[in-house]
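Numbering (numbering that gives the first Met the number 0), first residue to last: 0 to 290. Ideal Cβ placement from N, Cα and C applies to all residues, glycine included. Keep in mind it's a predicted model, so treat the numbers as computed, not measured. Structure first, then comments.
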Amino acid sequence: MIRKAVIPAAGAGTRLLPATKAQPKEMLPILDTPAIQYVVQEAVDSGIQDILIVTGREKRAIEDHFDRNHELESHLARRGEEDALGSIRELGESARIHYIRQPTQAGLGDAVGLARAFVGDEPFAVLLGDSVMDAPVPVTMQLMEAYEQHRRSVIAVESVRPDQAGRYGIVEGTPMGPREFAIDRLVEKPRPGESDSNLAIAGRYVLTSDVFDALRTTRPGRNEEVQLTDALASMLGHLPMVAVAIEGKRFDLGNKQDYLRTVLAFALMREEYAEVVWEAVASLRAEKGES
Ligand code: G1P
């Protein structure tokens, strides 16, 4: 039974400046909803009620977002805007959200390591705050099901184009089922020729608490940061792990192109906005004289 989730949301977001100068990238709206709200919702939809968000310098926006805003609520109530009222009220009520601040941006591994006291010795989920999913079953729940079956740490993966592999943590594995692999090797952001695999870590994990001891002794790796992938790699010899190819699609906010794709894809998923996207594209093209 997985009861707790950790959402690291303390990255610098430098590839999205200036939008991320005074707010975390996890607060960037995907149309009308900050990305991190989708991530919290995924954890809640997977049955998790205790969530620790690891924040950085600009933590206020995230805390305020999940807090009650009584002034706004009474303003909306006075104007009879029931839908808007419901959408902001439900937020903080669906889970107990806790916060911890990462003092220095020392990497994803460092951020997860800060969750030790919150997690204790239970298995727990990790959901990266800058990846959102479109999946028939919440991806975290897919991992939880695999955990219940194998009782081992489980890492979500997706296939990426080989030329993109260097952007991700890469898993080398031996197939053990239609969507499952026994993990043989983990490499964070391999350089060309360092790995033949194109199975990328997709920003969702269910981990046993053994990871905290491993993180303690993990030295900074790629980009001079303490990498979660390196800590997991150091455990592989004595703690076998499973990779699950996610059913669904991952979107990320890693850079401006990906962010734009994410916003468009999410708009197209909503009937009331899909038409607007196509209309806008058609009329902008016509204005520019393209067919
Ligand atoms: C992190 C992880 C990497 C994973 C990626 C998914 O990298 O370190 O293993 O594949 O998230 O988005 P980052 O994108 O923070 O550089």
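Member of the options whose CA lies at the smallest distance from the CA of residue i
i: GLU224; options: GLN256, ASP162, GLY10, PRO17; result: GLY10
i: GLY55; options: PRO7, ARG184, ARG14; result: PRO7
i: ALA291; options: ALA230, ARG203, LYS58, THR13; result: The displayed coordinates of the chain run from 0 to 290. Any statement about residue 291 would go beyond what the structure contains.
i: ALA116; options: ILE99, VAL131, ILE182, ALA105; result: ILE99
i: SER130; options: THR261, ALA279, ILE87; result: THR261
i: PRO219; options: GLY108, PRO28, THR13; result: GLY108
i: GLY165; options: ASN222, GLY172, VAL136, LEU252; result: ASN222
i: ARG269; options: GLU57, ASP31, LEU198; result: ASP31
i: GLY128; options: ILE29, LEU235, GLU92, ALA213; result: ILE29
i: GLY236; options: ASN254, GLN226, LYS248, ALA213; result: ALA213
i: GLY176; options: HIS149, LEU126, LYS3, GLN163; result: HIS149
i: ASP133; options: LYS3, LEU267, ILE182, GLY172; result: LEU267
i: ALA4; options: ARG88, VAL170, HIS97; result: HIS97
i: ARG2; options: LYS20, SER45, GLN22; result: SER45
i: ALA181; options: ASP162, GLN226, ALA232, THR216; result: ALA232
i: GLN141; options: ALA285, PRO17, GLU179; result: GLU179
i: ALA105; options: ALA18, PHE265, ALA279, THR217; result: THR217
Counted within 10 angstroms of its Cβ, other Cβ atoms place residue i as buried (16 or more) or exposed
i: GLY192; result: exposed
i: GLY112; result: buried
i: HIS69; result: exposed
i: PRO174; result: exposed
i: SER282; result: exposed
i: PRO137; result: buried
i: LYS255; result: exposed
Interface flag, residue i vs chain C, CB-CB below 8 Å
i: ALA244; result: Note that chain C does not occur in the displayed structure, where there is just one protein chain.
Sheet register partners of residue i (DSSP bridge)
i: TYR204; result: VAL125, ILE154
i: PHE180; result: PRO174, ALA242
i: PRO7; result: VAL53
i: SER130; result: ASP251
i: LEU75; result: According to DSSP, LEU75 bridges with nothing at all.
i: ALA199; result: GLU157, ILE169
8 Å contact criterion, which residue i and residue j should meet: CB distance rounded
i: VAL53; j: GLN101; result: 5 Å
i: LEU238; j: SER152; result: 7 Å
i: LEU252; j: LEU15; result: 7 Å
i: LEU94; j: ALA42; result: Note on residue identity: the sequence assigns Ala, not Leu, to residue 94. With 8 Å as the limit, ALA94 and ALA42 qualify as a contact, their Cβ atoms being about 7 Å apart.
i: ALA124; j: TYR167; result: That belief does not hold up - the Cβ atoms of ALA124 and TYR167 are roughly 19 Å apart, past 8 Å.
i: GLU80; j: ALA21; result: Not really, about 28 Å apart at Cβ, beyond 8 Å.
The ligand FMN heavy atom lying under 7 Å from the CB of residue i
i: TYR146; result: As far as ligands go, the structure on display features the ligand G1P and does not contain the ligand FMN.
Looking at C-beta atoms only, is the number of pairs between the stretch 199–219 and the stretch 134–153 that lie closer than 8 Å three or more?
-> yes
Could you tell me whether the stretch 179–189 touches the stretch 65–84, where touching means 3 or more Cβ pairs closer than 8 Å?
-> no
Counting pairs of beta carbons, one from the stretch 60–68 and one from the stretch 28–37, are three or more of them closer than 8 Å?
-> Contact between the stretch 60–68 and the stretch 28–37 is present: 3 or more CB-CB pairs across the two stretches fall below 8 Å.
Is it a yes or a no for the stretch 242–257 touching the stretch 155–172, going by three-plus beta-carbon pairs under 8 Å?
-> yes
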